[in-house]
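Participant:
Residue numbers (this note's numbering): 6 to 268.
Below you can see the structure in the form of structure tokens.
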């Protein structure tokens, strides 16, 4: 059952994922707990055939150890403190990962030892609901509510958070997430202050949902330019309004005569 969004305004314990508690667990347990149905934060989970649990440790589309601080460094925290998120590596920090996808292997022939691997994905969580709620407050210019709820979010994700001194203010948001010309350009208008706040929430989503694919929705709706670095090759740049932002129609559909999306 979906939680009532108004309940989150009071910010009771247990509504958001307990990252500090996760850090006390071993890696295997953390893989297991993140997407399980009994995790209070998970509102909708689904299993799909995938080998992601096996490849996430060395995924070339993941985060490299050298670039870890661009996402999880203290400089990305509003209060310049370290995040509680803890990453892992199986290859000497060439790539790093957060344990989120546990595999269940379904045998199709037990005697032969063959079958299909499945992973469980979190399709909707209290974290996504809460951050979207903050964004709604921003768009309604309810910045005091947005500040209070962002403070709560930071308090559950920041090492050494101090409720007395670590306060979210408009001045801090504008300074930390300055408006850059032609960076965030959704189809609707934003005031400069709203743009800074929206950028702040988008960055929180980028960190919170790493590996989960939700960043793509912000890339599309905010029309963000993305540079994909490829080792020993030119960068692959997704420009604003790039036609590749529309997912290509599958071959089995275009083979029936449906025109492909332009590229």
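Using N, Cα and C, we set each Cβ at its ideal position, and we do this for glycine too.
This one's a predicted model, so the numbers in the text were calculated from it and none came from an experiment.
Pull up the distance between the alpha-carbon of residue 51 and that of residue 138, whole angstroms please.
Facilitator: On the chain shown, position 46 is the one that residue 51 refers to. On the chain shown, position 133 is the one that residue 138 refers to. Between residue 51 and residue 138, the C-alpha separation is close to 23 Å.
Participant: Roughly how many angstroms separate the alpha carbons of residue 195 and residue 151, rounded to a whole number?
Facilitator: Working through the chain shown from its first residue, we reach residue 195 at position 190. Working through the chain shown from its first residue, we reach residue 151 at position 146. Spanning the two alpha carbons is a distance of roughly 16 Å.
Participant: Cβ of residue 196 less than 8 Å from any chain C Cβ?
Facilitator: Although the question refers to chain C, the structure presented lacks it and comprises just one protein chain.
Participant: Are the beta-carbon atoms belonging to residue 135 and residue 21 less than 8 Å from one another?
Facilitator: Taking the first residue of the chain shown as 1, we reach residue 135 at position 130. Taking the first residue of the chain shown as 1, we reach residue 21 at position 16. Closer than 8 Å, so yes.
Participant: Taking all protein chains shown into account, decide if residue 47 is buried (16 or more other Cβ within 10 angstroms of its Cβ) or exposed.
Facilitator: To locate residue 47, count along the chain shown from 1; it is residue 42. Burial call: buried.
Participant: Quick check on residue 223: buried or exposed, where buried means 16 or more other Cβ atoms within 10 Å of its Cβ?
Facilitator: Residue numbering aside, residue 223 sits at position 218 when the chain shown is read from its first letter. By the 10 Å Cβ count, residue 223 comes out buried.
Participant: Sort 116, 90, 80, 69 by Cα distance to residue 2 and report the nearest one.
Facilitator: Because the chain is modelled from 6 through 268, residue 2 falls outside the range shown and cannot be assessed.
Participant: Taking residue 40 as the reference, which of 250, 132, 112 has the closest Cα?
Facilitator: Taking the chain shown and counting its residues from 1, one reaches residue 40 at position 35. For the residues 250, 132, 112, the minimum Cα distance to residue 40 belongs to 132.
Participant: How long is the line joining the alpha carbons of residue 72 and residue 62, rounded to whole angstroms?
Facilitator: Numbered from 1 along the chain shown, position 67 holds the residue referred to as residue 72. Numbered from 1 along the chain shown, position 57 holds the residue referred to as residue 62. Straight-line Cα distance between these residues: approximately 15 Å.
Participant: By DSSP's criteria, residue 129 is part of a beta bridge. Which residues make up the other side?
Facilitator: In the chain shown, counting from the first residue as 1, residue 129 sits at position 124. Paired residues: 49.
Participant: Under a Cβ-count criterion, where at least 16 other Cβ atoms within 10 Å of its own Cβ denotes burial, should residue 5 be classed as buried or exposed?
Facilitator: Because the chain spans 6 through 268 in this model, residue 5 falls outside it and cannot be assessed.
Participant: Closest by CA to residue 77, which one among 92, 232, 42?
Facilitator: By 1-based counting over the chain shown, the position of residue 77 is 72. Taking only the C-alpha atoms, the option nearest residue 77 is 92.
Participant: Is the segment 79 to 90 in contact with the segment 164 to 181, if contact means three or more CB pairs nearer than 8 Å?
Facilitator: The segment 79 to 90 vs the segment 164 to 181: in contact.
Participant: How far does the beta strand (DSSP E) with residue 109 in it extend, from its first residue to its last?
Facilitator: For this step, residue 109 is matched to residue 104 along the chain shown. Counting along the chain, the beta strand (DSSP E) containing residue 109 begins and ends at 108 to 114.
Participant: Spatial neighbours of residue 89 within its chain, please: C-beta separation below 7 Å, excluding the five flanking residues on both sides.
Facilitator: In the chain shown, counting from the first residue as 1, residue 89 sits at position 84. Excluding residues within five positions, the ones whose Cβ falls inside 7 Å are 24, 25, 28, 162, 163, 164.
Participant: Let me know if residue 257 comes out buried or exposed under the rule of 16 or more other beta-carbons within 10 Å of its beta-carbon.
Facilitator: The residue you call residue 257 lines up with position 252 of the chain shown. So residue 257 counts as exposed.
Participant: Under 6 Å Cβ to Cβ from residue 220, same chain only, skipping five residues before and after it: list those, please.
Facilitator: Here the question's residue 220 lines up with position 215 in the chain shown. Excluding sequence neighbours, residue 220 sits near 211.
Participant: Can you give me the start and stop residues for the beta strand (DSSP E) that residue 243 sits inside?
Facilitator: Here the question's residue 243 lines up with position 238 in the chain shown. Here the beta strand (DSSP E) through residue 243 covers 241 to 243.
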